[in-house]
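The structure appears right after this line, and notes come after that.
Numbering (our numbering), first residue to last: 1 to 462.
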């Protein structure tokens with residue numbers, strides 16, 4: 001019995017403010033409940049066969065201490081095929097990014113050559129070197145794609161990963177919450193009046209509420225299992241968003257303080273969270289299981305995500321299944337203020353075009369989309385007339401500073417006897433701006449005519 005008048009320690013009274021020690025993590029690996037998030041299971045479809053086998057073998061090493069929340073298992077079953085299609089789509093994206101990077105590099109050389117910074121023979125030599133380097137990278141991407149061992153069609157009836165997991169997970173998957181409890185959790189999550197942050201809140205900005213609430217259900221399923229067993233739990237997840245994870249100077253080493261306090265209050269033990277790479281490393285030490293450095297490296301790369309840039313602030317309407325990825329079309333680079341339309345693509349992706357984009361009619365089926373916010377990073381292609389190039393170039397650096405922008409491509413088209421010239425520009429913006437704001441700032445340069453959006457392809461292919 002605890003004496004209410006006795007004194008205690010800082011750590012004991014404020015445990016949620018402390019990151020777990022290495023010994024505490026080792027102890028939970030050796031004796032606690034081990035649970036994994038959906039993203040860890042779906043990442044198995046991105047790993048190489050050897051890394052995949054080592055992680056599955058590690059799951060089996062925990063025996064009866066392994067626990068898979070019902071909602072995680074359900075999301076895994078629903079997401080397997082999408083994970084494979086998404087991964088295959090990443091090879092296509094990589095090819096596209098390589099081609100775009102090659103175009104930018106060639107444009108930079110062309111710009112220097114036109115300014116006579118390069119002799120023609122030097123230019124041709126550097127162009128040849130660039131081309132060789134990019135073609136080698138493209139061949140490597142093609143080889144990686146051809147080596148991928150999973151076929152989307154085959155997964156429907158025969159999934160080798162699921163087949164390996166089934167005997168390990170047998171008797172370790174939790175039951176769903178009872179309907180009344182689930183309904184209460186969903187109502188709380190969807191309440192507009194609550195002030196507390198719940199797991200899933202970060203996803204609610206880009207997912208339907210019903211889908212985002214799954215994180216909150218998972219959290220409560222973990223609590224139910226901890227209360228049943230009376231042991232601390234380690235939740236392995238790639239998720240590092242602020243609704244789950246506590247941050248100290250950029251480090252994410254523990255669950256959010258409120259979650260630690262909630263589980264201590266309701267279950268009497270603290271929860272632990274760990275990303276897959278660290279989980280693999282510490283498990284190798286604690287359990288003496290085979291985990292190669294290559295597997296840790298693959299897990300670490302997966303934690304960093306497969307996206308190029310952050311997800312755009314777009315809401316997709318009317319799809320029965322949530323898209324795996326939403327990206328802005330590179331052909332027309334839409335930004336807030338533009339009228340937009342979504343087109344579905346392979347791998348449950350949605351590509352967002354401007355409605356006046358010349359390529360939109362050649363894309364996949366149409367879906368309704370809308371802006372939710374101004375993106376933190378933008379790429380914009382523009383065209384405008386320039387009466388006096390000398391005046392323009394003198395004012396251009398200050399204009400870029402005002403825009404917080406950097407130039408990826410700048411080309412001037414003019415003839416000796418014809419003015420004004422036409423400028424074609426591809427810009428990267430570091431700060432949020434709308435199309436109207438961009439046009440207004442550039443339009444203040446003396447001699448600049450109407451600033452209009454143009455096709456990215458037109459700028460890069462001039």
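For glycine and all other residues, C-beta sits at the position ideal for the given N, C-alpha and C.
_Give me, in chain order, the residues of the same chain whose beta-carbon lies closer than 6 Å to that of residue 241; leave out the 5 immediate sequence neighbours on both sides._
202
_Can you check which of these residues, 17, 145, 22, is closest to residue 279 by C-alpha distance?_
22
*For residue 173, I'd like the list of residues in its chain whose CB is within less than 7 Å of its CB, leaving aside the five on either flank, ordered along the chain.*
68, 70, 73
_Going by DSSP, what residue range makes up the alpha helix (DSSP H) through residue 468?_
Residue numbering for the chain in the displayed model covers 1 to 462; residue 468 lies beyond these limits and cannot be assessed.
*What's the C-alpha gap between residue 145 and residue 88?*
7 Å
_I'd like to confirm the pairing. Which residues does DSSP put opposite residue 327 in its beta bridges?_
351
*Tell me which same chain residues have a C-beta within less than 6 Å of the C-beta of residue 310, skipping the five on either side of it?*
At residue 310 the pLDDT is 48, less than 50, meaning the model places this residue with poor confidence and gives no usable figure here.
*Opening and closing residue of the beta strand (DSSP E) in which residue 271 lies*: 271-274
*asked:* Do residue 444 and residue 424 have their beta-carbon atoms positioned less than 8 Å apart in this structure?
replied: no
*Within the stretch 172-237, note down every full beta strand (DSSP E) run reaching 3 residues or more, in order along the chain.*
233-236
*asked:* Taking 8 Å as the cut-off, does the stretch 328-344 touch the stretch 383-396 (at least 3 CB pairs, one atom from each stretch)?
replied: no
*Could you work out which residue in 313, 36, 7 is closest to residue 233 when comparing CA atoms only?*
36
*Determine the burial state of residue 448: buried for a count of at least 16 other Cβ atoms within 10 Å of its Cβ, exposed for fewer.*
buried
_Restricting to runs no shorter than 4 residues, where is the alpha helix (DSSP H) found entirely within the stretch 40-66?_
49-61
*With distances taken from CA atoms, which of 90, 10, 313 is nearest residue 371?*
313
*For residue 62, does the count of other Cβ atoms within 10 angstroms reach 16, so buried, or fall short, so exposed?*
buried
*residue 25 and residue 272 closer than 8 Å at C-beta*: yes
*Spatial neighbours of residue 215 within its chain, please: CB distance less than 6 Å, with the 5 preceding and 5 following residues excluded, ordered by chain position.*
199, 200
*Of the residues 100, 315, 6, 12, which one's Cα is nearest the Cα of residue 260?*
12
*Is residue 52 close to chain B, meaning its C-beta is less than 8 Å from at least one C-beta of that chain?*
Of the chains in the structure shown, none is chain B; there is only one protein chain.
*asked:* On the DSSP bridge list, what partners appear for residue 340?
replied: 354
*For residue 88, the residue or residues it bridges with in DSSP*: DSSP output for residue 88 lists no bridge partner at all.
*Work out the CA separation of residue 426 and residue 408 for me, nearest whole Å.*
5 Å
*Counting Cβ pairs closer than 8 Å, one from the stretch 150-170 and one from the stretch 91-99, do we hit at least three?*
no
*Report back the beta-carbon spacing between residue 383 and residue 435 to the nearest angstrom; my notes put them in contact at under 8 Å.*
With 8 Å as the limit, residue 383 and residue 435 do not qualify as a contact, their Cβ atoms being about 13 Å apart.
_First through last residue of the alpha helix (DSSP H) which encompasses residue 396_ = 389-403
*Regarding residue 332 and the ligand ADP, is the C-beta to nearest heavy atom distance less than 7 Å?*
This structure lacks the ligand ADP; in fact it carries no ligand of any kind.
*Kindly give me the distance between the Cβ atoms of residue 34 and residue 55, rounded to whole angstroms, as I take these residues to be in contact under 8 Å.*
Their Cβ separation, rounded to whole angstroms, is 12 Å, which puts residue 34 and residue 55 out of contact at 8 Å.
*asked:* Would the stretch 178-195 count as touching the stretch 149-166 if we require 3 or more Cβ pairs under 8 Å?
replied: no
*Best match in 175, 207, 213 for proximity to residue 188 [C-alpha to C-alpha]*: 213
*asked:* Quick check: residue 48 and residue 379, are their CB atoms within less than 8 Å of each other?
replied: no
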